[in-house]
Each structure stands twice: as structure tokens, then as C-alpha cells.
Amino acid sequence: MEVYIDEEVHKKLISFYQAALRHHEALNEATVVNKIIRLYDALDSLGNAAEIFPIARLKEDWISKGYREFLCEDFHFAYQVYDLEDEERIVRVHDVVHSMSYH
């Protein structure tokens, strides 16, 4: 399945890593770039197994929308599998939160 990522997810990831670079002296830009590459590679492969991951458990907003949850690199991603009119199925990633803020 093709994976689509909402713009808000991209913004949240960039914002998180910009803040991390400002607050952690040991963290450098090369490390952050590698982490982001791993995240996006994992999200791209989500389409291969999207239906095996559980329904969200803690965030009420995600639960009420029926989102599934994918955990990668300490980030929880909220996504849904959609059936399009032409019988194509896609994965759409709607939200993300770091494990430190997940509740």
C-alpha cells in the first residue's frame, strides 16, 4: 500500500529535532539527519504491514478516530488504512508524538 504522510506530521518531526539540536550539545546535525532518514524509511515500509499494528491505546483523540499506532525511534505514529473507490488501499499517517509526551 502507498503511504501518505500529513503535512502536520512532517512539521512536528522537524520541530522536535530542531528543539533537540538546540538543547542537547552532544547531538549533531548528521545524527539527526540519519534519524529522520530511518523514520521515513520505516514509514515507507508501513504500507507492507499496516494492518498488523494495534489500534491506539492511550490518546483519546486517536482512539475516537479509530487510528492504528506504529512505534518507531521513540515516536508513536497515528495512521489509518483507507479503501479508495478504485479498490486501491492506502495508508495515511495523521499524527505523531514522541514517547516522552505520549499519554
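In this text, residue positions in the sequence shown follow the numbering used here: the first is 483, and each later residue adds one.
Beta carbons are placed, not taken as given, at the ideal position from N, Cα and C, and that holds for glycine.
From a predicted model like this one, the values you see are computed outputs, not experimental measurements.
Check	Outcome
Beta-carbon contacts of Tyr499 that lie in its chain and below 6 Å, excluding the five residues immediately before and after	Val514
Beta-carbon proximity list for Arg539, same chain, < 6 Å, skipping 5 on both sides	none
DSSP-derived helix/strand/coil call for Asp565	strand
Residues near Phe559 in its chain [Cβ-Cβ closer than 6 Å; skip 5 each side]	Phe552, Val575 and Val578
Proximity of Tyr564 and Arg550 at Cβ, strictly below 9 Å	no
Alpha helix (DSSP H) segment containing Glu511, residue limits	Glu511 to Ser527
Check whether Glu555 and Arg520 have beta carbons under 9 Å apart	yes
Proximity winner among Ser581, Gly548, Met582 and Asp526, relative to Ile572 (alpha-carbon distances)	Asp526
Reduced DSSP category for Arg539 - H, G, I as helix; E, B as strand; rest coil	coil
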